[in-house]
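These protein sequences, in sequence, are chains A, B, C and D. In this text, residue positions in the first sequence follow the numbering used here: the first is 478, and each later residue adds one. In this text, residue positions in the second sequence follow the numbering used here: the first is 478, and each later residue adds one. In this text, residue positions in the third sequence follow the numbering used here: the first is 478, and each later residue adds one. In this text, residue positions in the fourth sequence follow the numbering used here: the first is 478, and each later residue adds one. We put the beta carbon where it would ideally sit given N, CA and C, even for glycine. Note that the structure is predicted; figures quoted are calculated from it, not measured. Structure first, then comments.
There are 4 protein chains.
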Amino acid sequence: MKFSFKNDYSEGCHPQILESLLRNNLDQQAGYGDDEYSQKAKSLIKNKIENQNSEVYFVSGGTQANLIVISSILRPYQCVISAATGHILNNETGAIEATGHKILSIEKEDGKLNPSDIIPVLESHKNIPHQVMPKLVYISNSTELGTIYTKKELENLSRFCKENNLYLFMDGARLGHALTSEISDLTLKDIAELTDVFYLGGTKNGALLGEAIVINNKDLQQDFAFNIKQKGALLAKGRLLGIQFLELMQNDLYFNLAKNANQQAMKIKNALSERGVQFLSDTHTNQIFPILTDRMIEVLSEKFEFYVWKKVDENLSAIRLITSWNTQNEAIEEFIETFTGEL
Amino acid sequence: MKFSFKNDYSEGCHPQILESLLRNNLDQQAGYGDDEYSQKAKSLIKNKIENQNSEVYFVSGGTQANLIVISSILRPYQCVISAATGHILNNETGAIEATGHKILSIEKEDGKLNPSDIIPVLESHKNIPHQVMPKLVYISNSTELGTIYTKKELENLSRFCKENNLYLFMDGARLGHALTSEISDLTLKDIAELTDVFYLGGTKNGALLGEAIVINNKDLQQDFAFNIKQKGALLAKGRLLGIQFLELMQNDLYFNLAKNANQQAMKIKNALSERGVQFLSDTHTNQIFPILTDRMIEVLSEKFEFYVWKKVDENLSAIRLITSWNTQNEAIEEFIETFTGEL
Amino acid sequence: MKFSFKNDYSEGCHPQILESLLRNNLDQQAGYGDDEYSQKAKSLIKNKIENQNSEVYFVSGGTQANLIVISSILRPYQCVISAATGHILNNETGAIEATGHKILSIEKEDGKLNPSDIIPVLESHKNIPHQVMPKLVYISNSTELGTIYTKKELENLSRFCKENNLYLFMDGARLGHALTSEISDLTLKDIAELTDVFYLGGTKNGALLGEAIVINNKDLQQDFAFNIKQKGALLAKGRLLGIQFLELMQNDLYFNLAKNANQQAMKIKNALSERGVQFLSDTHTNQIFPILTDRMIEVLSEKFEFYVWKKVDENLSAIRLITSWNTQNEAIEEFIETFTGEL
Amino acid sequence: MKFSFKNDYSEGCHPQILESLLRNNLDQQAGYGDDEYSQKAKSLIKNKIENQNSEVYFVSGGTQANLIVISSILRPYQCVISAATGHILNNETGAIEATGHKILSIEKEDGKLNPSDIIPVLESHKNIPHQVMPKLVYISNSTELGTIYTKKELENLSRFCKENNLYLFMDGARLGHALTSEISDLTLKDIAELTDVFYLGGTKNGALLGEAIVINNKDLQQDFAFNIKQKGALLAKGRLLGIQFLELMQNDLYFNLAKNANQQAMKIKNALSERGVQFLSDTHTNQIFPILTDRMIEVLSEKFEFYVWKKVDENLSAIRLITSWNTQNEAIEEFIETFTGEL
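What follows is the structure, encoded as structure tokens:
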């Protein structure tokens, strides 16, 4: 079997989670998220963001989180603004539109949005009532390109949204990786203060499944649970989500797992950089996009699985490597050796 | 802690499932249901129904299964026919209507539909194009009242649906309990032959989560996966569902677990019947509805949790007791003793 | 050609409307409802209801009005309460459900809702978040059975809705007929004070097409025009609606037309009553439901078109007769003569 | 009052239509499109396209036609391909997305699509089932920029769609103008042969309201009327649409009206071209986009209404002038004189 760098959800989950599932397995608990584990996990998250007024809900996956949050917030004629690379635009089979809402797309090299990107969209949507009304800004952190927001960038965006009566929603499928990046200056508390809603991704950071939606804006909290149920996302055995987030949030396991993924990616990045490799974008999380010769890609493909992301010129292509909470040194070293051996 | 007879999803899952999750945890697998475990589990199910042309898909829960199946089959102007007790009508926060489809409700004491129930609905929906077009019959087996279909009943209904150009969809959240009921004459193979689509519920029969949707009608198979993804139901770590159904389908674990639930319920039923208790309906699965005095209900409540289902007269109410794959003899015996002691 | 009593939209429109369309035909006007005629017509309606803070919007038909109003008000998990005879339930091809909202149906002989009908529905929808949330009460006046609300009834219902945080929406496709019924004690001003939203039907009262939606609750006014446009209901030549309502609202033409329809129906009702005919319901508007022998129905059918509404016993059926703004004395007299001749 | 070149729906309708409405006004007719006029009008259209197997339906407006046609054809996971200038993308308040379907946008200077535009979209949507499935190509003729398709272009596009299992739908809000353009080589018969569905716009070509949807692909005809009713688009007095299309289709009134609009626009185009004016695009229908100095625009604005379309450079902007079926020589001459006088 080749080692896979295709994504960060190839393995099961952190063993501590399975141990906890086993330990608590035959305990009878209330269903639908009213179990003790879920309550404790929510409490831990509120402590970490230092805000007892936020509300926390667990769902199974990212597409589910995105479609429930967005459809619960918007009125029928309101729409979303997203960078063109946004997961909701191209990787979710039109899940947002299926709930009735248009997404306005903004082309951005780095996958991040700032106020100057959004202003022209607002300007060009003033033909009332013939156009949709932009109402929610969707961002990802880290983005689908592995880039992250700085504190200053997020503060500017947050202020701009408030001034323009827009909601700010952060897709945090890889929020752990963003916050533990070596260059990050943001904390989970900052995220909670600067967004209306965000979620903490478990699926891509060591859980079997699960995203923790955090609603900071009180206006958006009312009746939220109805939306989860209506979209088929309320697990009868909510304990499965509760136990996982309880484990992840204790002793910073969540952040340690993300840090491992980042560090392993950075090892490859540094090794390749030292040997003159260019990258499609300058990332500091668990996704890297080295530009390699087709010959080198062929050689690496014999031992590793990864996506060829984009043809750069006649002989060069960028590949995408993703490391996970469980990527071990052996795989990293073997990758670097294979690369170096072929130089 | 009181022992709970409130539902069949109070505990975690059968230990064999957790062992398998642990055993295969660090194995790298393809995402989104393309893992080996899911493939094997699907294969086992096709063998059990003796039809290699059916298609199997795993999703997380019953509401999700219902809304995806129904919305994938119907055109916008088509609607569902369901018994008034149907789970989709009153327990899923309007999930079906949220996908755009009306449900026509038929009052039935026993929660089961037969052709003579459906004929008047078809007769009264002929004012084209001013009324919705009935197109899909939704049934549950076992029903929300614990009753089950006989082979003859299902054959009649299936034939009627075909003759009237209606699809037949069976909600099998508790299909294991139906098929292992002491009075059942149906097999899983029969179910596959007599329905267009059905699902095998895991959540209420020993899994952490998961329902296996089986599409028997080839016309309804095309592109089904798109619907799963669009509704946010495609788990990145599909292995979680695959491993569970692989364990459940091996060595008839699935049916043995359901049988245990049924038998434990029947023990209470028999004990109470012998002592003259009446039941709201005559069930042979893991749901029973004994009619007790308010005094008796109070006494039992001190040691057990259950729902008071319906007031019957001034002094009597029916309660609902549900047993599970994990209900042990001790709980049953204690319940019967408490009851007998109070007589 | 037989004379038709099938409905109140068999003819074109009141001639005064066509004359006005002709007179103003080549005048250039702003599109999409910003024409002078629409503005004047809205102003006239606000004067009649004595409330300058209500907002008025014109759309083409009743189903359109119903689906736009309801979908603009409700959040995804909220639902409608309606009498089982409600037009939205059985005559609009699931238009409301197609916007994502369930309708809870209440069986009522007279087609009218009062608080005691609604209380049990609220009581049985408290299993949060597993059930839809009732949020809007839909009533018709006159109802689909020709009955009307008294002032006291509407006041009670309105108060109840406010106390229970429910919106009250009146389908006024035949509101003119209700208000000009000989037994009505309600005024248009009352309607505006006692409902959150209602509409004044033009299509069934002498217009070519058009319903005037009146939004009295300020919370429901914001951004309403977006919904009209999004549902394809914003006419480029809004003047067509404006001119019609301008004519109808001037000099009480609207009410005079409805009064004629009512009076012609009452003539038949009285003539038949005097001769011992029973009626399915006691109506005082332009819909009557006499119960006749099959032989009599056959004789009348030779000269008139109407619907046979309901079989009453072996020899008797109720028919439905609807008169319109344009029903002339000749038709009424001939009907009565034919009836009398056959006695 | 300034003369308006803002659009082609500022006036009422062709007087012949009002005369016919008046003439037939008190005739009793069946409702909901079953009137004689609608039947005759449909028959005339089928004769003109020389295809008795097509089906014709009348609705009120373009947004309504677009949303009904598209939502009736597509399955939930399928999407539309449109040029970025498409009316459905930017001028209909997200009406298509509100029915659940994404629109993929293609930037095109001339607003027209050809196979080479579509191929990359198909190529980049092969990640099944994570992306929407492109299934319907939406084009406008004439386009929102006044350009038109040649017969060869439409044949190529039609063949490409068939080969790629895509439906071809033409928005014909201004189809009359396209077909009567001095450079057009297409006939209505060609349009019917080369598209799956198209519509003939009445609203922008002399009707009070109304678009005639023509469904040529038999697979798409079944049950179409249900969709019209469900979306609130089935007029009770369908005669209003029937009478209008009957008048428009008799004696080529429809085409003569469009020809007038085109010719009046061409007069201005020629006059301005001769005097050195450049145009944003080279159009031969009733929309022209001359590029003028800001000073000239100011002068013309004193006498005429029109939209300033796009800033071209510091001193120049393109304006949009639209002529209608009723634009008279006087207005054209005065416009040219004002322009010439200011040179």
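*Just checking my contact of A/Ser537 with A/Leu712 at CB under 8 angstroms: how many whole Å lie between their CB atoms?*
Correct: roughly 7 angstroms between the Cβ atoms.
*Taking the DSSP output, what are the residues bridged to C/Leu613?*
C/Val557, C/Tyr644
*Near-chain D residues of the segment 560-580 of chain C - C-beta to any C-beta below 8 angstroms*: Glu569, Thr570, Gly571, Ala572, Ala575
*Taking B/Ile838 as part of the alpha helix (DSSP H), name the residues at either end of that continuous run.*
Residue coverage of chain B in this structure runs from 478 to 820, which leaves residue 838 of chain B outside it and unanswerable.
*Within chain C, the residues that B/Gln608 reaches when beta carbons sit closer than 9 angstroms*: Asn567, Asn568, Glu569, Thr570, Gly571
*Ordered list of beta strand (DSSP E) runs contained in the segment 734-819 of chain B, each at least 3 residues*: 767-770, 784-788, 793-799
*Have a look at C/Asp673 and C/Ser619 and give me their C-alpha separation to the nearest angstrom.*
17 angstroms
*For C/Tyr644, collect the residues of the same chain with a Cβ closer than 8 angstroms to its Cβ; drop the 5 residues on either side in sequence, then sort them by chain order.*
Cβ neighbours of C/Tyr644 within its own chain (closer than 8 angstroms, five residues either side excluded): Ile550, Lys612, Leu613, Val614, Cys638, Asp673, Val674, Asn694, Leu697.
*What are the boundary residues of the beta strand (DSSP E) that includes B/Ile690?*
688-692
_As assigned by DSSP and simplified to three states, the class of C/Ser520_ = helix
*Would you please state the rounded distance, in angstroms, between the beta carbons of C/Gly623 and C/Thr760? I believe it to be under 8 angstroms.*
About 3 angstroms separates the CB atoms of C/Gly623 and C/Thr760; that is less than 8 angstroms, so the two are in contact.
*asked:* Taking the straight line between their C-alpha atoms, what separation do you get for A/Val609 and A/Asn543?
replied: Looking at the two C-alpha atoms, the distance is approximately 19 angstroms.
*Is the segment 589-596 of chain C in contact with the segment 723-737 of chain C, if contact means three or more CB pairs nearer than 8 angstroms?*
no
*Could you check which residue in D/Leu749, D/Arg716, D/Glu782, D/Asp700 has the C-alpha nearest to that of C/Thr570?*
D/Asp700
_If we define contact as Cβ-Cβ less than 7 angstroms, is B/Ser549 a contact residue for chain A?_
no
_With the cut-off set at 7 angstroms, would you say D/Ala655 and D/Lys681 are in Cβ contact?_
Note that the C-beta distance between D/Ala655 and D/Lys681 is not below 7 angstroms.
_CA-to-CA distance, D/Ile668 to D/Glu632, given in whole angstroms_ = 9 angstroms
*Tell me, please, whether the CB atom of A/Thr664 is closer than 7 angstroms to any CB atom in chain B?*
It does not; no Cβ of chain B falls within 7 angstroms.
*If we call anything under 7 angstroms between Cβ atoms a contact, is D/Asn510 one with C/Gln541?*
In the sequence as displayed, the identity of residue 510 of chain D is Gly instead of Asn. Not a contact, by the Cβ cut-off of 7 angstroms.
*asked:* Under 7 angstroms, Cβ to Cβ, is there at least one residue of chain A near B/Glu488?
replied: yes
*Check each candidate in D/Asp729, D/Leu665, D/Thr804, D/Tyr731 and name the one with the smallest Cα separation from D/Ile745.*
D/Thr804
_When you compare the CB positions of D/Lys780 and D/Lys483, do they come within less than 7 angstroms of one another, or not?_
Going by beta carbons, D/Lys780 and D/Lys483 fall outside the 7 angstroms limit.
*Indicate whether the contact test is met: 3 or more Cβ pairs, each with one atom in the segment 499-513 of chain C and one in the segment 773-791 of chain B, closer than 8 angstroms.*
no
*Is the shortest distance between the beta-carbon of B/Gln764 and the beta-carbons of chain D less than 7 angstroms?*
no
*Check whether the Cβ of B/Tyr514 lies closer than 7 angstroms to any Cβ atom in chain C.*
no
*Rounded to whole angstroms, what's the CA-CA distance from C/Asn641 to C/Tyr534? Just pull it up for me.*
27 angstroms
*Roughly how many whole angstroms lie between the Cα atoms of C/Thr576 and D/Gln755?*
Each residue's alpha carbon lies about 47 angstroms from the other.
*Residues of chain B with a CB under 7 angstroms from the CB of C/Pro592: which are they?*
Chain B residues near C/Pro592: none, gap ~22 angstroms exceeds 7 angstroms.
*Does DSSP put C/Leu663 in a helix, a strand or coil?*
coil
_Cβ of A/Leu718 within 7 angstroms of any chain B Cβ_ = no
_What does the alpha-carbon distance come out to for the pair C/Lys676 and C/Ala689?_
According to the sequence as given, residue 676 of chain C is Tyr; it is not Lys. Cα-Cα distance, rounded: 5 angstroms.
*In the structure shown, what three-state DSSP assignment does B/Tyr534 receive?*
strand
*In chain order, what residues of the same chain lie with their CB nearer than 7 angstroms to the CB of B/Glu819, ignoring the 5 residues before and after it?*
Met773, Val776
*Does A/Tyr554 have its Cβ less than 7 angstroms from a Cβ in chain D?*
yes
*Can a CB atom of chain G be found closer than 7 angstroms to the CB of B/Phe703?*
In the structure shown, chain G cannot be found, because the protein chains are A, B, C and D.
*Could you check how far apart the C-beta atoms of C/Lys525 and C/Leu725 are, in whole angstroms? I think they sit under 8 angstroms.*
So it is not a contact: roughly 11 angstroms between Cβ atoms.
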